[in-house]
Structure formats: C-alpha cells, structure tokens
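Q:
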Amino acid sequence: IFAAVEMAPRDPILGLNEAFAADTRAEKVNLGVGVYYDDNGKIPLLAAVRAAEKARLEAMPARGYQPIEGAVAYNTGVQNLLFGKDSALLANGQVVTIEALGGTGALKVGADYLKRLLPGSTVYISDPSWENHRALFESAGFPVETYPYYEASTRGVDFAAMKAKLESLPAGAIVVLHACCHNPTGADLSDTQWDDVVAACRSRGLIPFLDMAYQGFADGIEADAVAVRAFSASGLQFFISSSFSKSFSLYGERVGALSVVTSSKEESGRVLSQIKRVIRTNYSNPPTHGGAVVAAVLNSPELRQQWEDELAGMRDRIRAMRTGLVEALKAEGVAQDFSFVIKQRGMFSYTGLSAAQVERLKNEFGIYAVSTGRICLAALNNKNLGYVAKAIAAVVKG
Ligand code: LMR
Numbered sequence: 005i006f007a008a009v010e011m012a013p014r015d016p017i018l019g020l021n022e023a024f025a026a027d028t029r030a031e032k033v034n035l036g037v038g039v040y041y042d043d044n045g046k047i048p049l050l051a052a053v054r055a056a057e058k059a060r061l062e063a064m065p066a067r068g069y070q071p072i073e074g075a076v077a078y079n080t081g082v083q084n085l086l087f088g089k090d091s092a093l094l095a096n097g098q099v100v101t102i103e104a105l106g107g108t109g110a111l112k113v114g115a116d117y118l119k120r121l122l123p124g125s126t127v128y129i130s131d132p133s134w135e136n137h138r139a140l141f142e143s144a145g146f147p148v149e150t151y152p153y154y155e156a157s158t159r160g161v162d163f164a165a166m167k168a169k170l171e172s173l174p175a176g177a178i179v180v181l182h183a184c185c186h187n188p189t190g191a192d193l194s195d196t197q198w199d200d201v202v203a204a205c206r207s208r209g210l211i212p213f214l215d216m217a218y219q220g221f222a223d224g225i226e227a228d229a230v231a232v233r234a235f236s237a238s239g240l241q242f243f244i245s246s247s248f249s250k251s252f253s254l255y256g257e258r259v260g261a262l263s264v265v266t267s268s269k270e271e272s273g274r275v276l277s278q279i280k281r282v283i284r285t286n287y288s289n290p291p292t293h294g295g296a297v298v299a300a301v302l303n304s305p306e307l308r309q310q311w312e313d314e315l316a317g318m319r320d321r322i323r324a325m326r327t328g329l330v331e332a333l334k335a336e337g338v339a340q341d342f343s344f345v346i347k348q349r350g351m352f353s354y355t356g357l358s359a360a361q362v363e364r365l366k367n368e369f370g371i372y373a374v375s376t377g378r379i380c381l382a383a384l385n386n387k388n389l390g391y392v393a394k395a396i397a398a399v400v401k402g
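For the sequence shown, full-length UniProt numbering assigns the number 5 to the initial residue and increments by one for each residue that follows.
1) If I measure Cβ to Cβ from residue 282 and keep anything under 7 Å in the same chain, skipping five residues before and after, which residues do I get?
2) Would the beta-carbon of residue 105 be found less than 7 Å away from any heavy atom of the ligand LMR?
3) Please classify residue 186: does DSSP put it in a helix, a strand, or coil?
4) If I'm right that residue 111 touches residue 215 with Cβ under 8 Å, what's the distance once you round it to whole angstroms?
5) Report the residue from 286, 265 and 329 whose alpha carbon sits nearest the alpha carbon of residue 404.
6) Compute every distance between the C-beta of residue 376 and the non-hydrogen atoms of the ligand LMR, then say whether any falls below 7 Å.
7) Identify which residue in 313, 333, 209 and 158 has its Cα closest to the Cα of residue 239.
8) Any chance you could list the residues with Cβ under 5 Å from a heavy atom of the ligand LMR, keeping chain order?
9) Does the beta-carbon of residue 340 have 16 or more other beta-carbons within 10 angstroms, so that it is buried, or is it exposed?
10) So what does DSSP say about residue 338, is it helix, strand or coil?
11) Whole angstroms is fine: what's the gap from residue 197's alpha carbon to residue 68's?
12) Can you tell me which of 130, 204 and 74 puts its alpha carbon nearest to the alpha carbon of residue 190?
13) Would you kindly work out how many angstroms separate the C-alpha atoms of residue 205 and residue 242, rounded to a whole number?
14) Start and end of the beta strand (DSSP E) containing residue 262?
15) Who pairs with residue 155 in a beta bridge, going by DSSP?
16) Is the Cβ-Cβ distance between residue 235 and residue 202 less than 8 Å?
17) Do you know offhand how far residue 385's Cα is from residue 331's?
18) Please report the residue range of the alpha helix (DSSP H) in which residue 344 lies.
19) Please state whether the Cβ-Cβ distance between residue 53 and residue 254 is less than 8 Å.
20) Can you find the residues in the same chain that come closer than 8 Å, C-beta to C-beta, to residue 138, ignoring five residues on each side of it along the sequence?
21) For my contact list, residue 97 and residue 366 are in at a C-beta cut-off of 8 Å; report their separation, rounded to the angstrom.
22) Does DSSP put residue 179 in a helix, a strand or coil?
23) Below 8 Å on the Cβ atoms is my guess for residue 35 versus residue 371; work out the distance and round it to an integer in Å.
24) In angstroms with no decimal places, state the Cα-to-Cα distance between residue 393 and residue 108.
25) In chain order, what residues of the same chain have a beta carbon less than 8 Å from the beta carbon of residue 145, not counting five sequence neighbours either side?
26) Since residue 39 is in the beta strand (DSSP E), which residue starts that stretch and which ends it?
27) Measuring only the C-alpha atoms, how far is residue 315 from residue 222?
28) By Cβ distance below 6 Å, which residues in the same chain neighbour residue 276 in space, the five residues on each side in sequence not counted?
29) Quick one: give me the first and last residue of the beta strand (DSSP E) that residue 270 is part of.
30) Do you know whose CA, among 322, 211 and 80, lies nearest residue 348's CA?
31) Rounded to whole angstroms, what is the Cα-Cα separation between residue 375 and residue 103?
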C-alpha cells in the first residue's frame, strides 16, 4: 500500500529544526522557529513554572481523565487573560473555553467545528500569514484565500487594501486575524484600525477567528488584548485560539485554548456540547500536566506576578536584541536602513531577505531562517549577535 507514496516536503518552519539538528557546524544559529531562548541560548524554564511544578510533584496527584473540555481552573484562567476578569461576556456566560493542544490544536478544533457549522464557507488569512494557517484550514476542508496585509515598501500594513477586501467578503466568510505580534511580519494594527475591522466584520456578517499566540510579547498582557476587547465590546460572535507555548515557555507541553463567544449562556451550552464531540473524536480529552501548571500560576497572585515579571523580562530582552541587531548591521557597514526591525512587534522580524539570501545564510554560515525572510529575534543573544550581523551583512552586500 505504500509503494506509490510520495515524499512530502519538510514543514517550512518545524522542518528547519530537523535540518538544524543535523548541521554539525559549531557556530550554527536557529532563527527559524518561534521559540524564545535566553541570553545563554537556552529555552528557559520559568521560575513561576518551576514553583508550580514542584508543588504539583510534591502533591503527587492521580492521573485520571480530564473533562473533555479541560479543567475549569485552567479555562477560567485563560478567559480572564483574554477578556479581563471583569468582562461582561464572562459574567453573562457568553464565552465557551476549552483546553486545546497548543495554539495549533485550538485552531484545528475551531476549524473542524466551523466546518460542521458553515460547510460552504471560505477562510481568509492575511497575506502573508503563519505558514501553517493555510494548511490547517485546508486540512479541515475549507478553501483558503488571502486578504491584503503587509506592504513591503512601507514595512507596514496596507490597511486601506485590507479594509476594502474585508468589506467585499460574502456573509459567513471566516477571517483569521492575528490579535497581536503578527506572524511573520511583526506589523500590527492600531487600536482605531481594529475598530474598523470590527465594523467591517459586523457590516458584512463575517466570522472573526483571532489567533493569539503571543499575548504579552508586544506591550504586556492587558495591552496586547486590545483586539479581543474590541471584538468583545462589539456584540459579535467570534473565535479565539490562544497559546501558552511562548508566554510560559511550555512549548512541548502543548497548552493552548479555544474560546468561542456566543450570544447567550444558553447558546454557550449548545456550542460547547458540539465542540466536545469534535474533541472526543480527535484526542478525547487534553493531557493534565501543562494545563494544571498554568492554572496554578494564573490562580496564585504571587506566581502570577512572578510570571508577568518573567514575561516582561523576555519581552525586554527581545527588544534589546532588535536594537542590537540594527546597530551591529550598521557597524558592519550595511548601508540599507534596518531600523524597521526596532518597530516590529513580537518575536519575529520580516527582514526583507530573499529566499536566495536565506539559503546563503544557511549554506555559508549555518544560520537558519524561514525562506520568506522571517527571523526569530528571540534566538539572538549577546554571543551570537555579532556573528549573525556579519552573516546578514555578507549576504545583503552580495
Ligand atoms: C512559529 O511560527 O515558528 C511558531 O508558531 C512555531 C510553529 O508551530 O510554527
């Protein structure tokens, strides 16, 4: 049965990890995947996580099945971060939240449910978007198209074009929006632009699906929730996928959530019952450990504060690396203005490097980046910054 099976291409992001691991050069640097490394080049285990894990280990809890939708303490913690604990939607029971296997798992549960709800719909993603968005929604059975987003000449959002496209979409179209720290470009919408997006979704009857994988990496937990809050105030129904992979440095634990805003508590009950069927036929119920750790941190005032401080530390270090890279490129004699790197938000920079230049970085320097020119600033540190700047200088100078 496998004789005619073709070799699938490597994943454009995670495939880089495989190639990087096989590279034997000592000075290699992985700027591909969106992972935060500390200044020693290590993925941190946050102190707040360590404390919660220690307490959990000491308690030696039994490992029964979780509810299909995950634990209440976890789901409530997620809701408070996204909507704010005083949210009227939460008080009214209008939000359904389920624990999912990372942000990707949340997107897939949401996509599978939407396919049952709106089988004839089309999904619109930003141009460009996270590499996996298209594949994921296509694998749920949707046609996937794009709306204009990034404008290379300004290194910003072509908002007029984006808005015009949204205002032309048919009712019931699903629009995937990056709630903050746009992946891959780092170019976000302003508060007033979000208001316009909400208005377009309302006037056209669109289904917003907010992807929120980087809450806390632009300006902070509350500030980064601006898009969610704008949609919350609108009276619209919408979806949010969220993730603790980056913000808790819990990548391998696969801790994320899908939240769905409905129009009433009664509707929430029915929607949850359907989402539970999607989950049950995929993976039955989520694993215990990651969600329990996150819930313990979010529900303890001390650990929560410690976590927010650690998150601020990660955010500040990435910012310092942005400035450091721009200065180092200047010092290498690069004439091209790279100051846009400082303005981009989140973990990534859309550098404008071509696929050929990215290929040279890999072949000549052992530096791995996504072929679109996206690099992860959170993988830079004071030891590799100079080497990376030299390599980029070499490929941009020709
Ligand atoms: C990324 O964009 O690099 C991350 O979101 C990791 C992933 O799953 O692709």
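Built from N, CA and C at the ideal position, the CB exists for glycine as well. Model, not experiment: these values are computed from the prediction.
A: Looking at the atomic coordinates:
1) 113, 116 and 117
2) no
3) coil
4) 7 Å
5) Look at the range of the chain in this structure, 5 to 402, and you will see that residue 404 is not part of it.
6) no
7) 209
8) Having a Cβ closer than 5 Å to some heavy atom of the ligand LMR are 17, 37 and 38.
9) Flag for residue 340 reads exposed.
10) Coil at residue 338, not helix or strand.
11) 46 Å
12) 130
13) 10 Å
14) 259-265
15) 160
16) Going by C-beta atoms, residue 235 is nearer than 8 Å to residue 202.
17) 14 Å
18) 344-347
19) A Cβ-Cβ contact shorter than 8 Å links residue 53 with residue 254.
20) Here the set comprises 129 and 148.
21) Actually they do not touch by this definition, with Cβ atoms about 51 Å apart.
22) strand
23) 6 Å
24) 32 Å
25) 119 and 123
26) That residue, residue 39, is in no beta strand (DSSP E); it is neither H nor E in DSSP.
27) 10 Å
28) 100
29) No beta strand (DSSP E) holds residue 270; the alpha helix (DSSP H) holding it covers 269-284.
30) 322
31) Inter-residue distance for residue 375 and residue 103 is about 32 Å (C-alpha atoms, whole angstroms).
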